[in-house]
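Numbering (this note's numbering), first residue to last: 1218 to 1607.
Ideal Cβ positions, reconstructed from N, Cα and C, are used throughout, including at glycine.
One structure is given here, and the rest of the page talks about it.
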Ligand code: NZQ
Ligand code: ZN
């Protein structure tokens, strides 16, 4: 096990009705707030009315920035920064999913910074300061509610990039599983793929002696595998929604990655798909992850055997570890299919004429290797896109 520091100060407020606490939690930090949300799901569900009532009740002045889209754009973040500066707003409240939260985090680091906020995503500037951010989560998926990062898309060139700092962890995250009842099955499934990917990016490691976190990872994956089909079949099944929501936060709050090297190649490969084709992040991962596994499993076959046996209950073929490892990858793919996700680039509507361009962007013109389990160059990334084709 590697040495590590674990620091996650986000206060998690979990359970039925907890969104009514937003006013009291926000008032601990500020009375001048920017409320950020997406394309209207929170208005339709009635959450908007509850949130604004709670803010008013606690004497909080707020302005709104709505219209965040999946694969959120840096242009809206710039608009939010302007609103905060002109109106002296000093707290950002995100009500929504990863896209809304990442927009809020981008605004929070952009307000105190003199240059353009994209500098942080482009690696040209380090985050030294952030306004505080609070969250009401409406979709378990990205884990942004207690993560260190924000991922944005720059329309100028269609780059999707992330930035991170401990300063970006939200001050609080309100998680009421009831708020996820309105999620369409496809969004629930996309969220599941993202949660599983966050676990697997940590699970597939070369670090030895990480049995405790291996087993936490396996428990998290099994929880998703058992509960997501239930949540899709019965959208208002509180027990299933609650399991998925808590697992989604744990999957990406860094606990599962303690003491081990991590991978993250699949996320980088997927971000290129989202940037160019605007596909849902989770759907892109359902296509990329199994292809990445097929490309790399021979480098650490024992780990893929363990995944197959412990997560998918595959019968171990001691004489043929390769067969066991491949069966595990196949079970993962079957699961994604079963919950209604695409598992090939063709199903995702991605043509094969831009693999080279995406692999080039992903490896910064073949100057940068991606991944922790295996280091991948541009040519490897192209092969993974090819494996994912059909
Ligand atoms: O915009 P509205 O109308 O709210 O609709 C949203 C959106 O269309 C809808 N939705 C959310 N909650 C709902 C709901 N519809 C009905 N009922 C509800 N309760 O779902 C759609 C998707 O929302 P989005 O926020 O895009 O989803 P998600 O949470 O999956 O976020 C994806 C983004 O997070 C980034 C991804 O790259 C992607 O851009 N990620 C951020 C990470 C981080 N900051 O730590 C890590 C992740 O790996 C990921 O990269
Ligand atoms: Zn993700």
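| task | With the ligand ZN as the reference, list in chain order each residue whose Cβ lies under 6 Å from any of its heavy atoms. | result | Residues flagged by the Cβ proximity filter: 1359, 1411, 1414, 1415, 1484 and 1498.
| task | Counting only the same chain and skipping the five closest in sequence on each side, list residues whose C-beta sits under 6 Å from that of residue 1526. | result | Start at 1 with the first residue of the chain shown, and residue 1526 comes out as number 309. Counting only Cβ-Cβ distances below 6 Å, and skipping sequence neighbours, we find 1533.
| Expected contact under 8 Å - CB spacing of residue 1278 and residue 1236 to nearest Å | Locating residue 1278 in the chain shown gives position 61, counting from the first residue. Locating residue 1236 in the chain shown gives position 19, counting from the first residue. In this structure residue 1278 is not in contact with residue 1236, their Cβ atoms being roughly 20 Å apart against a cut-off of 8 Å.
| message | Using C-beta distances below 7 Å, list every residue in its chain close to residue 1485, excluding the 5 sequence neighbours before and after it, in chain order. | response | For this step, residue 1485 is matched to residue 268 along the chain shown. Short of 7 Å from the beta carbon of residue 1485, and not among the five residues preceding or following it, lie these beta carbons of its own chain, in chain order: 1579 and 1587.
| said: Can you look up residue 1337 in the DSSP assignment and give me helix, strand or coil? | reply: Position 120 of the chain shown holds residue 1337. In the three-state reduction of the DSSP assignment, residue 1337 falls in the helix class, which pools H, G and I.
| query | Rounded to whole angstroms, how far is the Cβ of residue 1516 from the Cβ of residue 1590, which I believe are closer than 8 Å? | reply | Locating residue 1516 in the chain shown gives position 299, where the first residue counts as 1. Locating residue 1590 in the chain shown gives position 373, where the first residue counts as 1. Yes, they are in contact, since the Cβ atoms of residue 1516 and residue 1590 sit about 6 Å apart, within 8 Å.
| Can you tell me whether DSSP reads residue 1581 as helix, strand or coil? | Translated into positions along the chain shown, residue 1581 becomes position 364. Three-state DSSP puts residue 1581 in coil, outside helix and strand.
| message | Looking at the secondary structure, which residues open and close the alpha helix (DSSP H) in which residue 1601 lies? | response | The sequence position of residue 1601 within the chain shown is 384, counting from 1. Residue 1601: member of the alpha helix (DSSP H) spanning 1595-1604, first to last residue.
| query | When you compare only the Cα positions, how much space is there between residue 1246 and residue 1543? | reply | The residue you call residue 1246 lines up with position 29 of the chain shown. The residue you call residue 1543 lines up with position 326 of the chain shown. Looking at the two C-alpha atoms, the distance is approximately 51 Å.
| field | Ranges of the alpha helix (DSSP H) found wholly within the stretch 1350-1394, counting only runs of at least 4 | value | Scanning the stretch 1350-1394 from its first residue to its last, no whole alpha helix (DSSP H) run of 4-plus residues comes out.
| query | Distance, Cα to Cα, residue 1430 vs residue 1477? | reply | To locate residue 1430, count along the chain shown from 1; it is residue 213. To locate residue 1477, count along the chain shown from 1; it is residue 260. Roughly 9 Å between the two C-alpha positions.
| Exposed or buried, residue 1460, counting other C-beta atoms within 10 Å across all chains shown (16 or more means buried)? | As a working note, residue 1460 is residue 243 in the chain shown. With 16 or more other Cβ atoms within 10 Å, it is buried.
| field | Rounded distance between the beta-carbons of residue 1405 and residue 1445, thought under 8 Å | value | Taking the first residue of the chain shown as 1, we reach residue 1445 at position 228. Taking the first residue of the chain shown as 1, we reach residue 1405 at position 188. About 7 Å separates the beta carbon of residue 1445 from that of residue 1405, a gap short enough to meet the 8 Å contact definition.
| Helix, strand or coil: which one does DSSP assign to residue 1574? | Position 357 of the chain shown, counted from the start, is the residue given in the question as residue 1574. Three-state result, residue 1574: helix.
| request: Indicate the three-state DSSP secondary structure (helix, strand or coil) for residue 1230 in the structure shown. | output: Against the chain shown, residue 1230 aligns to sequence position 13. In this structure, residue 1230 counts as strand in the three-state DSSP scheme.
| task | Specify, as a first and last residue, the run of the beta strand (DSSP E) that residue 1311 falls within. | result | The sequence position of residue 1311 within the chain shown is 94, counting from 1. In the DSSP assignment, residue 1311 falls within the unbroken beta strand (DSSP E) covering 1308-1313.
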